[in-house]
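Q: Protein chains in written order, with our numbering: chain V, 17 to 420; chain E, 114 to 455; chain S, 10 to 391.
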Amino acid sequence: MKKFLTIVVTLTAFVAAPMMSFAACDYRPSSKVSLLANSFAAWKAVSDAMGECGNFEAELDAEFRKKQPDAFAANPSLYQLGGVSNGTIQPLLSAGTIRPLDDLVAKYGKDLQPNQLIRINGQVMAIAMMVNNQHLMYREDIFKSLGLEVPTTYFELLSAADKVAASGQVQYALGGTYKAGWNLAEEFVNMYIGMGGDFFDGSKPNLNNAMGVRTLEMMRNLTHYMDPEYLVADSTYVQQQFQQGKIAMAVLWATRAAAMDDAKESQVVGKVKMAAAPSPVSGALPASTLWWDGVVLAKNMTDQQADEAFQLLMEGIDREMVTSNNDAAVWLINGYKPGPVAMGAAETAENGALPYPNGVEMGLMHTALGNNVADFLTGKETAEQTLIDIEAEYTTAAKEKGLL
Amino acid sequence: MKNRTFLVFVGPSLFLMFLFIAGPLMSVAWQSVHITRAVYEEVETELCTPGFLTQKCTMEIRTQPQLDENGRQISETVFVGFESYKNLLQPQVAFENIKEGSWAKLSNINFFKALRFTLTFTLITLPLVLGIGLLVALTVNQVIQSLRGPIIFISLLPFVITPVIGALSFRWLFVGDGILTALLEWWLERDIAMFAQGWTIEVLMLSYRVWHVAPFAFIVFYAGLQTVNRDTLESAIVDGATRWQRLKLVILPHLSPLILFVSIIHLMDSYRVFEEVIGFRSQAHVISLQWLTYNFLTLDETGNRMISRASASSMLTMIGIVFLLLFPLRSTWREHQKRRSG
Amino acid sequence: MSESSFLPKSLQLSKSLKLLSNGFLSIWCLIAVFPLLWITLMSLKYPLDAFSANPLVVIFGPGTLSAGASINFFDLLLVILWVVVAFLGIKRWQAEKNLGSKNWLYLGISIGWLFAAVALTELSATLREQLGADFFLSTPLLGMTTEHFQSVWIEQEFYQQFFNSLFVTTGVVSISLTVGTLAGYGLARSGSNWAFWILMTALVFRALPHSVLVSGYLPWFINSAEWLRPIFGEATLTLYGQPWAIIVVLASINQPFTIWMLRSFFQNIPRELDEAARIDGCSHGEAFVRVIVPVMWPGVLTAGLFSFLLAYNDYLVAALLLDAQNQTMVPAISGYFNRETTSTDQVEAVAAAVSITAPLFVLVMVFQKQLVSGLTQGAVKG
Numbered sequence: 017m018k019k020f021l022t023i024v025v026t027l028t029a030f031v032a033a034p035m036m037s038f039a040a041c042d043y044r045p046s047s048k049v050s051l052l053a054n055s056f057a058a059w060k061a062v063s064d065a066m067g068e069c070g071n072f073e074a075e076l077d078a079e080f081r082k083k084q085p086d087a088f089a090a091n092p093s094l095y096q097l098g099g100v101s102n103g104t105i106q107p108l109l110s111a112g113t114i115r116p117l118d119d120l121v122a123k124y125g126k127d128l129q130p131n132q133l134i135r136i137n138g139q140v141m142a143i144a145m146m147v148n149n150q151h152l153m154y155r156e157d158i159f160k161s162l163g164l165e166v167p168t169t170y171f172e173l174l175s176a177a178d179k180v181a182a183s184g185q186v187q188y189a190l191g192g193t194y195k196a197g198w199n200l201a202e203e204f205v206n207m208y209i210g211m212g213g214d215f216f217d218g219s220k221p222n223l224n225n226a227m228g229v230r231t232l233e234m235m236r237n238l239t240h241y242m243d244p245e246y247l248v249a250d251s252t253y254v255q256q257q258f259q260q261g262k263i264a265m266a267v268l269w270a271t272r273a274a275a276m277d278d279a280k281e282s283q284v285v286g287k288v289k290m291a292a293a294p295s296p297v298s299g300a301l302p303a304s305t306l307w308w309d310g311v312v313l314a315k316n317m318t319d320q321q322a323d324e325a326f327q328l329l330m331e332g333i334d335r336e337m338v339t340s341n342n343d344a345a346v347w348l349i350n351g352y353k354p355g356p357v358a359m360g361a362a363e364t365a366e367n368g369a370l371p372y373p374n375g376v377e378m379g380l381m382h383t384a385l386g387n388n389v390a391d392f393l394t395g396k397e398t399a400e401q402t403l404i405d406i407e408a409e410y411t412t413a414a415k416e417k418g419l420l
Numbered sequence: 114m115k116n117r118t119f120l121v122f123v124g125p126s127l128f129l130m131f132l133f134i135a136g137p138l139m140s141v142a143w144q145s146v147h148i149t150r151a152v153y154e155e156v157e158t159e160l161c162t163p164g165f166l167t168q169k170c171t172m173e174i175r176t177q178p179q180l181d182e183n184g185r186q187i188s189e190t191v192f193v194g195f196e197s198y199k200n201l202l203q204p205q206v207a208f209e210n211i212k213e214g215s216w217a218k219l220s221n222i223n224f225f226k227a228l229r230f231t232l233t234f235t236l237i238t239l240p241l242v243l244g245i246g247l248l249v250a251l252t253v254n255q256v257i258q259s260l261r262g263p264i265i266f267i268s269l270l271p272f273v274i275t276p277v278i279g280a281l282s283f284r285w286l287f288v289g290d291g292i293l294t295a296l297l298e299w300w301l302e303r304d305i306a307m308f309a310q311g312w313t314i315e316v317l318m319l320s321y322r323v324w325h326v327a328p329f330a331f332i333v334f335y336a337g338l339q340t341v342n343r344d345t346l347e348s349a350i351v352d353g354a355t356r357w358q359r360l361k362l363v364i365l366p367h368l369s370p371l372i373l374f375v376s377i378i379h380l381m382d383s384y385r386v387f388e389e390v391i392g393f394r395s396q397a398h399v400i401s402l403q404w405l406t407y408n409f410l411t412l413d414e415t416g417n418r419m420i421s422r423a424s425a426s427s428m429l430t431m432i433g434i435v436f437l438l439l440f441p442l443r444s445t446w447r448e449h450q451k452r453r454s455g
Numbered sequence: 010m011s012e013s014s015f016l017p018k019s020l021q022l023s024k025s026l027k028l029l030s031n032g033f034l035s036i037w038c039l040i041a042v043f044p045l046l047w048i049t050l051m052s053l054k055y056p057l058d059a060f061s062a063n064p065l066v067v068i069f070g071p072g073t074l075s076a077g078a079s080i081n082f083f084d085l086l087l088v089i090l091w092v093v094v095a096f097l098g099i100k101r102w103q104a105e106k107n108l109g110s111k112n113w114l115y116l117g118i119s120i121g122w123l124f125a126a127v128a129l130t131e132l133s134a135t136l137r138e139q140l141g142a143d144f145f146l147s148t149p150l151l152g153m154t155t156e157h158f159q160s161v162w163i164e165q166e167f168y169q170q171f172f173n174s175l176f177v178t179t180g181v182v183s184i185s186l187t188v189g190t191l192a193g194y195g196l197a198r199s200g201s202n203w204a205f206w207i208l209m210t211a212l213v214f215r216a217l218p219h220s221v222l223v224s225g226y227l228p229w230f231i232n233s234a235e236w237l238r239p240i241f242g243e244a245t246l247t248l249y250g251q252p253w254a255i256i257v258v259l260a261s262i263n264q265p266f267t268i269w270m271l272r273s274f275f276q277n278i279p280r281e282l283d284e285a286a287r288i289d290g291c292s293h294g295e296a297f298v299r300v301i302v303p304v305m306w307p308g309v310l311t312a313g314l315f316s317f318l319l320a321y322n323d324y325l326v327a328a329l330l331l332d333a334q335n336q337t338m339v340p341a342i343s344g345y346f347n348r349e350t351t352s353t354d355q356v357e358a359v360a361a362a363v364s365i366t367a368p369l370f371v372l373v374m375v376f377q378k379q380l381v382s383g384l385t386q387g388a389v390k391g
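1) Suppose the cutoff is 6 Å on Cβ atoms and the five residues either side in sequence are ignored; what does the same chain contact list for Q401/V look like?
2) I'd like to know if H382/V contacts chain E, where contact means its C-beta is closer than 8 Å to some C-beta of that chain.
3) Is it true that the region 107 to 119 of chain V meets the region 381 to 400 of chain V, where meeting means three or more beta-carbon pairs spaced less than 8 Å apart?
4) Between the alpha carbons of P44/S and E357/S, how many angstroms are there, rounded?
5) With a cut-off of 8 Å on the beta carbons, I'd call F334/E and A250/E a contact; round off their distance for me.
6) Comparing C-alpha positions only, which one of M290/V, D127/V, D64/V sits nearest to Q150/V?
7) Residues of the region 202 to 233 of chain V with a CB closer than 7 Å to any CB of chain E: list them in chain order, please.
8) Please give the ranges of any alpha helix (DSSP H) in the region 180 to 207 of chain E, keeping only runs that are unbroken, at least 4 residues long and fully inside the region.
9) Assess contact between the region 123 to 132 of chain V and the region 160 to 174 of chain E, defined as three or more Cβ pairs (one per stretch) separated by less than 8 Å. Is contact present?
10) Would you call the CB atoms of Y372/V and G103/V closer than 8 Å?
11) Taking just the CA atoms, how far does G291/E sit from P328/E?
12) Once you ignore the five residues that flank M227/V on each side, which residues in its own chain have a CB closer than 8 Å to its CB?
13) For T169/V, which of helix, strand or coil comes out of DSSP?
14) Name, please, each residue of chain S whose Cβ falls closer than 7 Å to the Cβ of D290/E.
15) Between the C-alpha atoms of V62/V and M337/V, what's the straight-line distance to the nearest angstrom?
16) Quick check on DSSP: helix, strand or coil for T411/V?
17) Residues of the region 415 to 427 of chain E with a CB closer than 8 Å to any CB of chain V: list them in chain order, please.
18) Report all residues from its chain with a CB closer than 8 Å to the CB of A254/S; omit the five preceding and five following residues, and keep chain order.
19) Could you compute how far the alpha carbon of E363/V sits from the alpha carbon of S251/V?
20) With a threshold of 8 Å between beta carbons, is D64/V in contact with chain E?
21) Please confirm whether A362/S has its beta-carbon closer than 8 Å to some beta-carbon of chain E.
22) Should L368/E be labelled buried (16 or more other beta-carbon atoms within 10 Å of its own) or exposed?
23) Determine the burial state of D217/V: buried for a count of at least 16 other Cβ atoms within 10 Å of its Cβ, exposed for fewer.
24) Taking only beta-carbon positions, decide if E407/V is within less than 8 Å of chain E.
25) Would you mind giving the Cβ-Cβ distance between G379/V and N417/E, rounded to the nearest angstrom? I have them listed as a contact below 8 Å.
26) Can you tell me where the alpha helix (DSSP H) holding A361/V begins and where it ends?
27) Can you name, in chain order, every residue of its own chain whose Cβ lies under 7 Å from the Cβ of M5/S, other than the five neighbours on each side?
28) Just verifying my parser: in three-state terms, what is the DSSP assignment at L223/V?
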């Protein structure tokens, strides 16, 4: 009987819990507000904070970029709020489906930092909440035991990898997010920008040069120290390799740093340290790009809805949320205390990492890179042929879009 | 049956198929010869984005689509004839490569790469599925009655399982140091990476598909075996026919319409192979025709999608399947003629 | 006397051949069931054990055990008892020849038994408390946890997706069978060239890649509120995200296969049956209802099973045309995988994957006899 009572009580609490949790938030929108955003820990934290207010629904999906432009073009828009980055805001801007936020910021945005307001031609178009880049993560214990310095260039990184590999302390010296497609292209972009390369000459592609060849060759040299299955490795895969103690170094997203110290999953708690992303050659830019993540509001909804959605958003990205999720990201929000895991990301930015060069042309280029770089890494093609293929694929697409 | 009654019976089905299959198909055909694109202009834009501590503002010249007074993108649709097909097939390059006999170069064109894989995938799995399905059906058919139920149950599982999940469960067994890879490594005493090179991934994809579809063949054949004429079999034994002869002369002819049925279904399904490419993340090594279409349709980072080339690629895929089906369907046509005259 | 002597002589095998064929069958069964068993096992362990390269670690789960999650001998007994009773219930159900009320009762009991499992778990916990950990029945045997299942079904409210799936599949099966049965009968009884060409076109439709079709719907579905407004007025809904819109789409996509299958089935029902009814003065419609409907169930059931599989397993259509609120189970699962964060999330995704295969298990167990008899009676005669 006692048991039965316990069950009843638990069940009641379980049913009642969502209703009581409204108390954590002092704002409740009158109509349903929904958010479509990418899916990683920071978005989860923000959407949970908004969820406490009630009448809110989040769709977090790593494939959100395939849906967002269409969903925001609908009238009324299918989502009121959209999570974007400096890349994914582009199609929404191009299609004119998001609204300027100046008046709402003036009305409700007293807690926002000036740094958070993304301005385009003077108008606030998005509210940024965090920044992200790729930085170097390494096993401090292994580096100490081998007497290695933290590499600042890829040349040093390769020689460190060589020593780590020779020592046999880990299965593979390096990890890398080389999954064919978007990830692989992103790695190429980082390296090429670090070399000082420029992807375009006007709208014409500008890859088939010595720098392009050097970029490809560097990538291939790195793969020699990776798990041979690198072409299926995405961020989670590399993160797990780290957690299971299989790799000693990787240039990985800053948002992945906190997971290394999660005792439930990681066998290397406290052993992984962060440093600035290395440069391809000494004195050059870091091979990393700066990203921001933030929120936009759809144009196709009533002003009343926009007003409510914005107020709800302010509840989601407030000080309270940041204090309870401090290490989930490098936040831009008031109240954030940069912890040790954020140091690498900050140093990378200080070393002059450039923002990801978003733009209509870059979207086409990124796809062309993602489809072709693997051919060089698997040895199917020479570097020159790969670059010719990339340029040809880009040119076809750009002609089809009327850019050339 | 009169035409009107016929129409009443078939009407609802035709309506659904017309609205949701034929309709989209026509629009795909139309889109494959047209291109819709935005009208771009170059604008000098001031862009302010967050640095780590302070905001950075830059002036840059950006290419962006023009918007009309309602804030909607202005777009134009132009007739381009077979331009998209040409971009897809690159006939001149392809022809030169064929003349040189250089397969490696030909496979540099994505369409031919995808076609090569799709065709080999279809043609290799077909006999395997038929063979294993038949073998399982024959062996189950001679097992004692009380064991048949459980065996049929187990055999059907790979077929009913959600394909995405099935492919994933296969992947987990092999990816990285997955349990079966570890087993192989232990057995062969060497380091193995199943996802590091194209051919091993291809083998995995093939075995997954056979695992998934063979049960379908099995259950169809097993049902067929239940109606084999026992008397014919018994008299064949009396005539001294060996087991092999009985299989060849009595059982297989009896099953032949079913073999045709399974083949047609399998040809269609494996020709549009797609889940395997996603599930096994094979796109760096092998791609399939439907994956190619899907890839063109996927929005890229800046919201572009290649609708015209996607449509062209799906039209070509469809023409391919019609070709593949021509051969098995000739017999259906003959049967139809016979039924009409008879 | 071995049991095989009950088989007709034509099916008897020599000893060596029998050994060979039984060996082959055992290997086949192992291959068929192994990947599924393995992911079930993975879903019951903490990530450290689940992704281990050592099979013994995955089976015994030392990490999970030391984390304090385990099952004991008594739990194991309960599980076995549960499986046996469920199995017997279904067996009893299958044994009945006709689909009468009595065997629906058996089915109900077996399903009710499913829920009894919850009570049994409670019982086991209580007993463990009473007996203490030293008693041999309650020593931990294997590291095992149902935490991931609880997290998926309770905390993350996966049951909502389950009900969405239930709604969509029920809708698809009933629409595609209603429409398909009529069409299948019409096609089977008409020898006209029209019928032939409809079948051929349907076959080509069946072969179309789904991604092509879906991309055709997407813009229409999203903007439907705009172009339907003149017809339906202000109350118009956006079709995107509406489960019933998905139902119609999936039923349509499934039509080609359904009409092919049912046509061959109806062709096997002797024409004389409905012709006799026609002579008695029935119209085609009446003849269909009076004569054909009573005998068509095995074929319809088989076609229904295939429709069910299509609707239940569909990924592409639901993923693209439904939003998160109305998402069915399969796309929701790949959502779990796309939520690329932690290894715990991954094991939860595995648990979700295992959960959605469970209804398929029950489906096969319950209907496998009907499936075989439907196929035997000619649902697939080319």
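Positions of the beta carbon are idealized from the N, C-alpha and C atoms, including for glycine. Keep in mind it's a predicted model, so treat the numbers as computed, not measured.
A: Taking the coordinates as given:
1) Excluding positions up to five away in sequence, the list is empty.
2) Chain E, which has a Cβ nearer than 8 Å to the Cβ of H382/V, makes this yes.
3) By the C-beta criterion, the region 107 to 119 of chain V is judged not to be in contact with the region 381 to 400 of chain V, since fewer than 3 inter-stretch pairs fall below 8 Å.
4) The straight-line gap from Cα to Cα measures roughly 17 Å.
5) Confirmed, about 4 Å.
6) Of the candidates M290/V, D127/V, D64/V, the one whose C-alpha sits nearest the C-alpha of Q150/V is M290/V.
7) Taken in chain order, the members of the region 202 to 233 of chain V whose beta-carbon sits within less than 7 Å of a beta-carbon on chain E are S219.
8) 196 to 202, all fully within the region 180 to 207 of chain E.
9) Yes: the two stretches touch, three or more of their Cβ pairs being nearer than 8 Å.
10) Yes. Within cutoff.
11) Cα to Cα, the separation comes out at about 25 Å.
12) These residues qualify, in order along the chain: Y208, M211, G212, G213.
13) Note: T169/V maps to strand in three-state DSSP.
14) Listed along chain S, the residues sitting closer than 7 Å to D290/E by beta-carbon distance are A62.
15) Cα-Cα distance, rounded: 7 Å.
16) Helix.
17) Cβ contacts with chain V come from T415, G416, N417, M419, S421, R422.
18) Closer than 8 Å at the Cβ level, and outside the excluded window around A254/S, lie F230, L248, L330.
19) So the two alpha carbons sit approximately 21 Å from each other.
20) False, the Cβ-Cβ gap to chain E never drops below 8 Å.
21) Yes, its Cβ sits closer than 8 Å to a Cβ of chain E.
22) Burial of L368/E is indicated by the presence of at least 16 other C-beta atoms within 10 angstroms of its C-beta.
23) Exposed.
24) For E407/V, the answer is no, since every Cβ of chain E falls outside 8 Å of its Cβ.
25) 5 Å between Cβ atoms; contact.
26) DSSP places A361/V inside the alpha helix (DSSP H), whose first and last residues are 359 to 366.
27) Here chain S covers residues 10 to 391 and nothing more, so residue 5/S does not appear.
28) Of the three classes helix, strand and coil, the one that applies to L223/V here is coil, per DSSP.
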